[in-house]
Amino acid sequence: MKEKLLEIKKEALGQISSPDADLEQIRIKYLGKKGELTAVLRGMGALSAEERPVVGQLANEVRASIEEAIAARGAELREKELAEQLCREKIDVTMPGNAPKMGHIHPLTKVQRELENIFIGMGFSIVEGPEVEYDYYNFQALNIPPNHPARDTQDTFYITDNILLRSQTSPVQVRAMEKIKPPIRIISPGRVYRSDAMDATHSPLFHQLEGLVVDKGITMGDLKGMLETFAKSLFGDSTRLRFRPHHFPFTEPSAEVDVSCFVCGGKGCRLCKGEGWMEILGAGMVHPFVLSNCGIDPEVYSGFAFGLGIERITMTRYRIDDIRHLYDNDTRFLEQF
Ligand code: DAH
Numbered sequence: 001m002k003e004k005l006l007e008i009k010k011e012a013l014g015q016i017s018s019p020d021a022d023l024e025q026i027r028i029k030y031l032g033k034k035g036e037l038t039a040v041l042r043g044m045g046a047l048s049a050e051e052r053p054v055v056g057q058l059a060n061e062v063r064a065s066i067e068e069a070i071a072a073r074g075a076e077l078r079e080k081e082l083a084e085q086l087c088r089e090k091i092d093v094t095m096p097g098n099a100p101k102m103g104h105i106h107p108l109t110k111v112q113r114e115l116e117n118i119f120i121g122m123g124f125s126i127v128e129g130p131e132v133e134y135d136y137y138n139f140q141a142l143n144i145p146p147n148h149p150a151r152d153t154q155d156t157f158y159i160t161d162n163i164l165l166r167s168q169t170s171p172v173q174v175r176a177m178e179k180i181k182p183p184i185r186i187i188s189p190g191r192v193y194r195s196d197a198m199d200a201t202h203s204p205l206f207h208q209l210e211g212l213v214v215d216k217g218i219t220m221g222d223l224k225g226m227l228e229t230f231a232k233s234l235f236g237d238s239t240r241l242r243f244r245p246h247h248f249p250f251t252e253p254s255a256e257v258d259v260s261c262f263v264c265g266g267k268g269c270r271l272c273k274g275e276g277w278m279e280i281l282g283a284g285m286v287h288p289f290v291l292s293n294c295g296i297d298p299e300v301y302s303g304f305a306f307g308l309g310i311e312r313i314t315m316t317r318y319r320i321d322d323i324r325h326l327y328d329n330d331t332r333f334l335e336q337f
């Protein structure tokens with residue numbers, strides 16, 4: 001029996017050290033419930049009382065050395081595999097990296113945020129209004145009744161006779177005045193729609209930014225001072241403003257406002273088409289009719305409003321000659337900003 005045990009030990013250790021050893025198979029074969037060592041131990045009943053402890057001890061030693069050998073070989077194999085894996089997966093940290101391609105903010109968004117920051121700096125808050133709007137807010141409350149000729153230039157997309165895609169951000173003035181009582185100092189940027197065919201200067205969808213200030217004692221002087229500060233922040237300190245009389249149904253008096261050309265300073269150049277001036281917005285004193293429509297007493301309060309096209313400012317600023325570039329999503333164009 002001793003010989004059998006020593007033979008088992010020799011055979012097992014030999015297999016464990018072989019290069020393609022399957023350690024789990026070997027463990028089952030020798031130490032498992034139906035393994036060879038177990039089989040020998042089962043036969044111990046046939047031994048004499050003197051032999052039994054001797055064989056038992058030897059059997060334990062054999063078991064221990066097989067277990068140890070399996071553990072040691074296992075560790076060795078794992079280490080070898082790890083070393084091979086590290087070798088295979090070597091990373092050269094000096095190689096140039098694959099930088100992920102980062103996008104950036106669209107020029108229109110960039111300009112919109114810049115405008116917002118200028119007005120926030122002057123104490124304005126930002127409010128938003130719906131793009132799907134009632135005829136009442138887009139036109140009637142702004143002193144543009146049905147059949148008013150001002151509707152011609154602002155023809156838009158109708159959902160029903162009374163519901164349309166807003167053609168201007170001015171309806172937000174009305175919504176704001178209905179909700180907030182003076183003093184009011186808000187801007188409202190957003191999308192507007194008109195049923196215009198797409199060309200170099202027109203798009204059926206574009207962006208405006210509306211401004212509204214209502215309080216006691218607001219005058220056209222406040223409007224001019226505020227717009228001058230705004231224009232200087234946007235186009236530089238030497239910028240001058242020019243107010244041209246105009247007509248908007250919701251302001252009285254109304255004006256179109258030009259800035260001196262930021263390229264030639266007013267002398268006339270290619271950008272301003274020789275004019276020296278560039279139109280940037282419409283503005284005026286809020287019409288008393290509009291104030292009373294919103295429940296604000298025009299005898300007590302007065303206000304000014306203005307509206308500008310974000311595309312126009314962006315195109316002037318970056319000298320973009322075709323509005324369609326702003327919507328084409330051509331990265332060769334967008335990457336320039
Ligand atoms: N809503 C006008 C437009 O789309 C722009 C405008 C002009 C807005 C004068 C105003 C304003 O608030 O006072 O042409």
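For the sequence shown, this note's numbering gives the first residue as 1, with consecutive numbering after it.
Note that CB positions come from ideal geometry on N, CA and C, so glycine has one too.
Note that the coordinates shown come from a computational prediction; the quantities given were computed from them, not determined experimentally.
{"query": "Considering only heavy atoms of ligand 1, does any lie closer than 7 Å to the CB of A176?", "result": "no"}
{"query": "To the nearest angstrom, how far is the alpha carbon of V290 from that of D199?", "result": "34 Å"}
{"query": "Quick check: is the beta carbon of A200 nearer than 8 Å to any beta carbon in chain B?", "result": "You won't find chain B in this structure, because it holds only one protein chain."}
{"query": "Can you name the start and end residues of the beta strand (DSSP E) that V263 belongs to?", "result": "Note, V263: premise wrong, no beta strand (DSSP E); not H, not E."}
{"query": "Between which two residues does the beta strand (DSSP E) harbouring S167 extend?", "result": "Here S167 belongs to no beta strand (DSSP E), and DSSP marks it neither H nor E."}
{"query": "Specify the secondary structure class of R242 as computed by DSSP and reduced to three states.", "result": "strand"}
{"query": "Tell me the rounded alpha-carbon separation between I186 and I180.", "result": "10 Å"}
{"query": "Say the cut is 7 Å; is the CB of T251 nearer than that to a heavy atom of ligand 1?", "result": "yes"}
{"query": "Would the beta-carbon of I118 fall within 8 Å of that of S195?", "result": "no"}
{"query": "With respect to 7 Å, is the separation between the Cβ of E228 and the closest non-hydrogen atom of ligand 1 below this value?", "result": "no"}
{"query": "Do you know how far the Cα of Y30 is from the Cα of L37?", "result": "5 Å"}
{"query": "Apply the 10 Å Cβ neighbour rule to D135 and answer buried if 16 or more other Cβ atoms are within range, or exposed otherwise.", "result": "buried"}
{"query": "Under 8 Å, do V127 and S188 count as touching if we go by C-beta distance?", "result": "yes"}
{"query": "If you count every other CB in all the chains shown that lies within 10 Å of the CB of E210, and 16 or more means buried, which is it?", "result": "buried"}
{"query": "Taking the alpha carbon of L142 as the reference point, which residue from V111, D155, R175 and I120 has its own alpha carbon closest?", "result": "R175"}
{"query": "Rounding to the nearest angstrom, what Cα-Cα distance links K267 and G274 in this structure?", "result": "7 Å"}
{"query": "Say the cut is 7 Å; is the CB of F289 nearer than that to a heavy atom of ligand 1?", "result": "no"}
{"query": "Tell me which same chain residues have a C-beta within less than 8 Å of the C-beta of I120, skipping the five on either side of it?", "result": "I126"}
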